[in-house]
Structure formats: structure tokens, C-alpha cells
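Take a look at the structure below.
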Amino acid sequence: MHRLPTIHGITEHDAGPYRMERLDLEFGNGERRRYERLHSRGHGAVLVVPLLDDDTVLLVREYAAGVHRYELGLVKGRIDAGETPLEAANRELQEEAGYAARSLVVLRELTLSPSYMSHSAHVVVARDLYPQRLPGDEPEELEVVPWKLHALHELAVREDCSEGRSLAALFITREWLRHGDA
32 MHRLPTIHGI TEHDAGPYRM ERLDLEFGNG ERRRYERLHS RGHGAVLVVP LLDDDTVLLV
92 REYAAGVHRY ELGLVKGRID AGETPLEAAN RELQEEAGYA ARSLVVLREL TLSPSYMSHS
152 AHVVVARDLY PQRLPGDEPE ELEVVPWKLH ALHELAVRED CSEGRSLAAL FITREWLRHG
212 DA
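Sequential numbering of the sequence shown, starting at 32, is according to the numbering used here.
So this is what it looks like as C-alpha cells:
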């Protein structure tokens with residue numbers, strides 16, 4: 032295992048919803064480099080895997096400004112101040128899909144781009160769902176699409192499902208269910 036580089040200095044500046052840091056690093060072999068990283072503002076994020084049953088997940092179709100199209104993916108959102116990841120997951124599920132969950136489990140955290148971003152999201156499996164809607168911040172109601180976990184191979188090649196975090200969370204959940212969920 033490599034020893035972590037020594038940080039000789041950090042400079043910061045605002046970059047919209049992030050804080051940009053420039054690090055002056057020295058590696059164990061004496062090499063010096065400057066790296067940049069983005070730190071998220073806020074309290075983190077959640078990716079919710081809402082299960083109707085052990086083979087049916089609820090996806091949402093939502094406008095994705097980054098690629099200017101509608102994308103099929105998981106319920107997701109920010110964790111508000113004072114919320115736990117489980118509370119945020121249940122709130123987002125109600126806002127985006129119109130369901131709440133009686134059972135919520137955090138499986139793990141996923142990073143977005145750990146080479147240069149601190150952003151991570153908690154993958155939360157939501158079970159024992161029941162209809163319950165909260166007003167959300169979306170400009171339009173999201174379409175809810177049930178999808179069979181045994182057909183993830185089909186979802187993985189759809190052009191309208193390209194978010195890596197959603198795909199990773201779905202495959203992780205499927206494996207967790209197959210190999211001894213808690």
C-alpha cells in the first residue's frame with residue numbers, strides 16, 4: 032500500500048455548487064504535483080432503489096439537463112441539513128415516485144469521480160412500499176417505470192439509461208438480494 036502524498040498547501044475558490052481546491056502534493060518518491068479537486072457543498076446525496084418485490088424496482092424518467100434528454104434512472108437527491116441518509120431517501124422517494132417505504136437499508140456509498148471529486152451518494156434499498164406523495168422541487172411529475180431486476184442486462188444497453196451511479200446501484204442491489212441480504 033502506498034503512503035498518502037504529503038499536502039504542502041491548499042488554495043480554494045468557489046465553483047458554483049462546489050468548492051475548487053488546488054493541492055500542492057509530494058508523493059513518497061519525492062515527485063511534486065498540483066492536483067485539483069471539487070468538494071460538494073451540502074450534506075451528501077442518496078440513490079434510492081425502491082423495490083416493489085425482490086425482482087421489481089421502480090425507476091423514474093426525468094429530464095437530464097447535462098445531456099438534454101429524458102433519462103430513466105433511480106430516485107435520487109440531496110440530503111438536507113439535519114437529515115440522515117435514510118430520512119432523505121424516504122423523502123425523495125415520496126417526492127419523486129409517490130411512494131414511501133417501511134424498510135430502508137443503506138447498502139454502501141458510491142463515488143462519482145474520486146480522482147477529482149469528493150461527491151458520494153448513499154445507495155439505499157427501500158422495501159415494503161406504500162403510496163404516499165410529498166410535494167417536490169421537480170418542474171413536472173416524473174413518470175414511474177417498474178423494471179425487473181432479472182432484465183438489468185436490457186436496461187444497461189438502453190440509450191435513455193446512461194447514469195453510471197444508477198446502473199451500479201441496481202447491479203449491487205441485485206447481487207445483495209441474491210447473496211444474502213440482511
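Cβ atoms here follow ideal geometry from the backbone N, Cα and C, with glycine treated the same way.
Residue i, DSSP secondary structure in three states
i      : result
His70  : strand
Glu57  : strand
Ile38  : strand
Glu62  : coil
Arg109 : strand
Glu190 : coil
Leu78  : strand
Leu173 : coil
According to DSSP, residues forming a beta bridge with residue i
i      : result
Pro145 : According to DSSP, which records beta bridges pairwise, Pro145 is partnered with nothing at all.
Pro116 : Pro116 pairs with nothing; no bridge assigned.
Gly178 : The sequence given here has Trp at residue 178, not Gly. Paired residue(s): Val88.
Ala131 : Tyr161
Ser151 : Thr142
His44  : Met51
Leu103 : Arg92
Val137 : Val155
Best match in the options for proximity to residue i [C-alpha to C-alpha]
i      : options                           : result
Thr204 : Arg92, Arg65, Leu78 and Asn60     : Leu78
Leu141 : Glu123, Glu194 and Pro170         : Glu194
Phe202 : Ala182, Asp191 and Glu190         : Ala182
Gly104 : Ser197, His153, Thr87 and Leu69   : Ser197
Ala120 : Ser146, Ser71 and Gly167          : Gly167
Gly83  : Glu43, Glu118, Glu102 and Leu124  : The sequence as given places Leu at residue 83; Gly does not occur at that position. When each option's Cα is compared against that of Leu83, the closest is Leu124.
His210 : His39, Arg72, Asp85 and Arg65     : Asp85
Asp111 : Lys179, Arg72 and Phe58           : Arg72
Glu169 : His150, Lys107, Pro162 and Lys179 : Lys107
Gly113 : Arg139, Pro145, Ala132 and Ala76  : Ala76
Pro48  : Asn60, His74 and Arg34            : His74
Pro162 : Leu208, Val175 and His150         : Val175
Residue i classed as buried or exposed, judged by whether at least 16 other C-beta atoms fall within 10 angstroms
i      : result
Tyr130 : buried
Val188 : exposed
Glu67  : exposed
Arg122 : buried
Glu102 : buried
Ala46  : exposed
His184 : exposed
Sub-8 Å separation of residue i and residue j beta-carbons
i      : j      : result
Val156 : Val91  : no
Arg50  : Ile41  : no
Leu160 : Glu126 : no
Thr115 : Pro177 : no
Leu236 : Val137 : Since the first residue shown for the chain is 32 and the last is 213, residue 236 is missing from the structure and cannot be characterised.
Ala96  : Val154 : no
Leu89  : Ala128 : yes
Leu56  : Met148 : no
Asp191 : Arg65  : no
His33  : Gly59  : yes
Leu143 : Glu93  : no
Chain B within 8 Å of residue i, Cβ atoms only
i     : result
Gly61 : In the displayed structure, chain B is absent; only one protein chain is listed.
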